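The structure appears below as structure tokens.
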Amino acid sequence: MNFDTESGDESAVTADFVASDGEIEASLRPKDLDDFIGQPRVLEQLQLVLAGAKMRGGTPDHILLSGPPGLGKTSMAMIIAAELGTSLRLTSGPALERAGDLAAMLSNLVEGDVLFIDEIHRIARPAEEMLYLAMEDFRVDVVVGKGPGATSIPLDIAPFTLVGATTRSGALTGPLRDRFGFTAHMDFYEPGELQRILLRSAGILGVDLGEEAGAEIASRSRGTPRIANRLLRRVRDYAEVRADGVVTRDIAKAALAVYDVDPLGLDRLDRAVLGALVRSFGGGPVGVSTLAVAVGEEPSTVEEVCEPFLVRAGMIARTPRGRVATAAAWAQLGLTPPPDAAMGGIEVRPREPQLDLFDGERPES
Ligand SMILES: Nc1ncnc2c1ncn2[C@@H]1O[C@H](COP(=O)(O)OP(=O)(O)OP(=O)(O)O)[C@@H](O)[C@H]1O
Ligand SMILES: [Mg+2]
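At the far end of the sequence shown sits residue 365, using full-length UniProt numbering, and the numbering has no gaps.
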């Protein structure tokens with residue numbers, strides 16, 4: 001088996017940001033709440049939070065944006081600052097290694113600023129503890145000196161709104177999570193929403209994209225605007241080089257076949273994960289780390305990049321004993337599912353229970 005996933009050979013459907021997304025993403029970002037397509041619940045809640053704060057003339061509660069990569073968390077943070085008419089200060093969890101880095105950032109804030117911390121779950125412990133006080137009391141304690149002579153100097157900071165983004169809200173500590181007044185969970189987009197996003201992007205990029213072609217690309221975009229926009233650029237290349245530049249459904253299909261994006265938007269790594277789960281482990285249950293070794297990837301990549309979509313597509317079920325392939329996964333690989341294969345999306349009972357959670361009789365499923 002050759003699960004070749006080394007870097008430099010980027011999948012067209014990775015939801016992660018890749019360098020070539022750079023400038024184009026900026027031009028395609030929605031600029032205000034009205035421009036933002038999809039996530040109707042989050043939009044409505046956020047509109048209330050922002051309008052309430054504006055009416056009172058204060059700063060809104062701290063806001064946590066959680067959800068898989070490429071769904072618009074960074075875009076949303078920028079929109080929040082734009083809607084409040086304030087400026088956005090941008091940093092990320094990994095950049096805040098020392099508490100001093102954060103103290104410098106915080107003490108430079110102007111009243112009403114939005115401080116955006118991307119990947120906030122990766123913030124170092126000392127910085128996180130400093131953030132508690134800053135979020136609650138708009139104050140930091142700066143420790144000066146070392147050893148017995150060290151003193152802590154309280155420093156007031158301007159009232160600000162923290163917007164945190166995370167792809168792993170579960171990895172956030174309780175105290176940090178509790179300090180956010182509002183958590184917006186961004187979910188995968190519906191194909192119809194992605195189609196609208198694609199038509200909007202095509203307009204900005206000057207691509208002649210038909211409605212049907214938009215639907216075709218949307219259905220292969222794994223519910224993710226970043227992927228949709230990237231596939232649009234690949235399809236545009238194909239249309240310009242091999243045709244007259246007009247993107248029809250047939251052109252879109254032919255282009256996506258070249259880039260190895262199947263009709264469900266699965267790429268090679270997804271297919272490798274499904275293939276290993278089904279062929280090497282008989283459909284599971286198998287632990288995510290074993291599965292990751294089998295495909296030569298980091299467990300976190302399998303867990304954060306592949307799994308959310310495969311679970312959502314009803315092909316993998318997460319069970320207490322590990323990952324299990326559903327009947328849909330077997331079918332996707334062109335194999336006949338065994339009679340006891342789980343149906344898509346349904347929690348399955350482990351085959352050999354190690355930890356019996358039931359007292360007495362185990363209910364039959
Ligand atoms: N609702 C939307 N409407 C239109 N375009 C969108 C929308 N959401 C996201 N996009 C597009 O997807 C791209 C990626 O979005 P963004 O960078 O905000 O995602 P993210 O959630 O911050 O991802 P990451 O977790 O990797 O940081 C944006 O450049 C934008 O072009
Ligand atoms: Mg982002």
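All C-beta atoms in this analysis are idealised placements derived from N, C-alpha and C, irrespective of residue type, glycine included. Everything numeric in this text was worked out from a predicted model, so none of it was measured.
For ARG321, the closest of ARG222, GLY284 and SER92 by C-alpha to C-alpha distance is GLY284. Three or more beta-carbon pairs separated by less than 8 Å link the region 176-187 to the region 72-79, which places the two stretches in contact. Ligand 1 has no heavy atom closer than 6 Å to the beta-carbon of LEU310. Here DSSP, grouped into helix, strand and coil, assigns VAL140 to strand.
Here the distance from the Cβ of LYS146 to the nearest heavy atom of ligand 2 is not below 6 Å. Listed by position in the chain, the residues whose beta carbon lies within less than 6 Å of some heavy atom of ligand 2 are LYS73, THR74, ASP118 and ALA165.
With a cutoff of 7 Å on beta-carbon distance, GLY93 and GLU119 are scored as near each other.
Its Cα nearest to that of GLY145, the residue GLY100 stands out among GLY100, PHE138, LEU176 and MET135. In summary, MET315 is buried, with 16 or more beta-carbon neighbours lying within 10 Å of its beta-carbon over all protein chains present. THR167 has its Cβ nearer than 6 Å to a heavy atom of ligand 1. Per DSSP, reduced to three states, the secondary structure at PHE17 is coil, with no helix or strand assignment.
Here MET130 is buried. Its C-beta has 16 or more other C-beta atoms within 10 Å. DSSP, read as helix, strand or coil, puts ILE63 in strand.
Beyond the five residues adjoining it in sequence on each side, GLU307 comes within less than 7 Å, by CB distance, of ILE316 in the same chain, given in chain order. Take the alpha-carbon of THR14 and the one of ILE227: they are about 7 Å apart.
VAL288 and HIS121 have their C-alpha atoms some 21 Å from each other. Each residue's CA atom was taken as its position, placing VAL278 and THR248 some 36 Å apart.
For LEU274 and LEU333, the gap between their C-alpha atoms comes out near 8 Å. Proximity of the region 256-270 to the region 211-230 meets the contact definition, three or more beta-carbon pairs being nearer than 8 Å. When only Cα atoms are considered, VAL246 and PRO40 end up about 32 Å apart.
Between the region 64-72 and the region 132-143 there are fewer than three C-beta pairs closer than 8 Å, too few to call the two in contact. Rounded to the nearest whole angstrom, the C-alpha separation of ALA81 and LYS31 is 10 Å. Looking at the backbone, the Cα of LEU172 and that of GLU97 are separated by about 16 Å.
The way I'd put it, the region 325-340 doesn't touch the region 291-309; fewer than three beta-carbon pairs between them come closer than 8 Å. Considering only MET135, ARG242, ASP250 and ALA325, the residue with the shortest C-alpha distance to VAL163 is MET135.
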